[in-house]
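Below you'll find the structure, written out as structure tokens, and then a few comments.
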Amino acid sequence: MQPFAYARAASREGAVAAIAGRPGAVFLAGGTSLVDLMQLGVLRPEAVVDLNGLPEASIRVGPEGAWLGALARNSDVAAHAELRAAYPLLAEALLAGASPQLRHMATVGGNLMQRVRCPYYRDTAFACNRREPGTGCAAIGGCRRGHAVLGTSPHCIATHPSDMAVALAALEAEVEVQGPHGDRRVSFEDFYRLPGDTPHRATTLAPDELITGVWLPPLPFARRSGYLKVRDRASFDFALASAAAAVDWRDGVIHDVRLALGGVATRPWRAHAAERVLLGQPASPALFLRAADAELAAARPFEANAFKVPLARRTIARLLERLCGLGDAS
Ligand code: SF4
């Protein structure tokens with residue numbers, strides 16, 4: 054591991070000041086991703102600013118929505134009784150992610166910033182535009198089974214790894230950040246970038262901005278919501294396909310719906326095309342499959358990951374069947 058300077062921040066302002074003007078400096082929260090990548094030599098920061106002394110771990114839930122502090126641990130968010138009642142899809146997504154040990158350490162802010170799980174990104178022997186801009190993409194001509202089918206570019210096809218972020222995309226969360234010039238809130242839709250020709254820039258966050266928390270707007274029908282994840286290994290693994298949904302389903306009709314996908318796209322993927330098919334329609338398994346087809350029409354798979362298209366289709370339909378009490382889905 055490359056030597057680095059270490060500083061422990063005592064305030065938000067101090068953290069931002071410690072990183073401002075130092076492109077080689079990074080923030081440390083739970084460290085479950087950063088330390089791993091530093092040990093592999095994938096990330097080589099010259100300075101690490103430790104955030105764990107900041108009072109940013111609060112979780113609040115009320116009629117006006119919910120606030121998740123950036124340093125709230127994933128296990129605390131998943132176990133929060135009021136959050137679980139108001140936004141069950143969030144707890145389900147968190148409990149489907151990683152292992153209990155990792156959830157005890159991982160934070161809300163760190164979860165949002167975790168790097169792609171592409172094996173070529175994690176191995177410095179291979180070309181990777183995301184790790185080293187302009188060097189190429191070893192995955193495109195390599196092993197692509199776990200890679201994305203939506204939102205890809207000729208420069209990167211890596212899948213976004215977060216489960217929590219898929220639930221937040223469905224909930225239209227907002228990310229609050231603090232920079233040298235003050236606070237701002239970024240809609241979830243604007244927070245993550247598609248890879249395009251700059252895959253090394255995964256988010257719209259400036260290098261000297263600090264995530265201070267995530268705001269969840271009120272969404273009463275999210276009480277009927279859930280997260281379904283399909284993976285190779287049930288104990289813990291990244292998603293091959295996943296879906297997060299909240300449904301306003303009354304008298305057999307879908308009055309409103311939010312749907313997002315994971316495991317198949319280069320960013321947490323809000324399924325707007327599927328939502329348009331579902332809105333105002335009588336709920337049925339056939340409708341759910343039509344909605345999934347509308348979203349997945351944009352998929353551009355390779356032979357090795359083509360299975361993800363029918364897998365995501367069935368994942369969407371099965372989750373919606375569960376939420377609308379149809380079929381034998383549990
Ligand atoms: Fe790097 Fe993206 Fe290609 Fe993976 S898919 S090797 S992360 S550029």
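The opening residue of the sequence shown carries number 54 in my numbering; numbering runs sequentially from there.
Positions of the beta carbon are idealized from the N, C-alpha and C atoms, including for glycine.
No experiment lies behind these values; they were computed from the predicted model shown.
Identity of the residue in the options nearest residue i by Cα
i	options	result
residue 121	210, 158, 227, 176	227
residue 167	330, 94, 89	89
residue 104	97, 114, 83	83
residue 324	348, 163, 336, 271	348
residue 312	98, 304, 295, 55	295
residue 198	63, 119, 317, 265	317
residue 367	340, 351, 353	340
residue 99	116, 118, 78	78
residue 95	301, 174, 61	174
residue 271	114, 85, 67	114
residue 85	143, 69, 154, 66	154
residue 139	182, 205, 308, 274	274
residue 212	54, 293, 137, 260	293
residue 243	231, 235, 321	321
residue 399	125, 56, 72, 69	There is no way to answer for residue 399, as the model of the chain reaches only from 54 to 383.
residue 326	183, 203, 188, 108	203
residue 205	220, 335, 234, 247	247
residue 135	67, 192, 269, 239	269
residue 80	74, 109, 62	62
residue 143	282, 201, 231	282
residue 214	172, 377, 346, 376	172
residue 328	359, 93, 309, 189	309
residue 170	192, 160, 188	192
residue 338	363, 314, 375	375
residue 68	291, 151, 230	230
Residue i beta carbon near ligand 1 (any heavy atom closer than 7 angstroms)
i	result
residue 182	yes
residue 171	yes
residue 68	no
residue 200	yes
residue 196	no
residue 308	no
residue 48	The requested residue 48 is not part of the displayed model; the chain covers only 54 to 383.
residue 357	no
residue 207	no
residue 192	yes
residue 369	no
residue 211	yes
residue 363	no
residue 252	yes
Residue i, buried or exposed, once every other Cβ within 10 Å from all chains shown has been counted against 16
i	result
residue 129	buried
residue 207	exposed
residue 177	exposed
residue 185	exposed
residue 383	Bear in mind that the predicted position of residue 383 carries a pLDDT of just 45, short of 50, making it unreliable; the figure below should be weighed with that in mind. Under this definition residue 383 is an exposed residue.
residue 300	buried
residue 350	exposed
residue 266	buried
residue 59	exposed
residue 216	buried
residue 261	buried
residue 102	buried
residue 356	exposed
residue 181	buried
residue 254	exposed
residue 133	buried
residue 303	exposed
residue 276	exposed
residue 117	exposed
residue 238	exposed
residue 106	exposed
residue 160	buried
residue 196	exposed
residue 66	exposed
residue 200	buried
residue 287	exposed
Any chain D beta carbon closer than 8 angstroms to residue i
i	result
residue 120	In the structure shown, chain D cannot be found, because there is only a single protein chain.
Contiguous beta strand (DSSP E) assignments of at least 3 residues, all confined to the segment 153 to 213: none
Uninterrupted beta strand (DSSP E) stretches inside the segment 251 to 313 (no shorter than 3 residues): 263 to 269, 278 to 283, 294 to 303
Entirely enclosed alpha helix (DSSP H) segments - the segment 81 to 146, minimum 4 residues: 87 to 92, 127 to 132, 134 to 139
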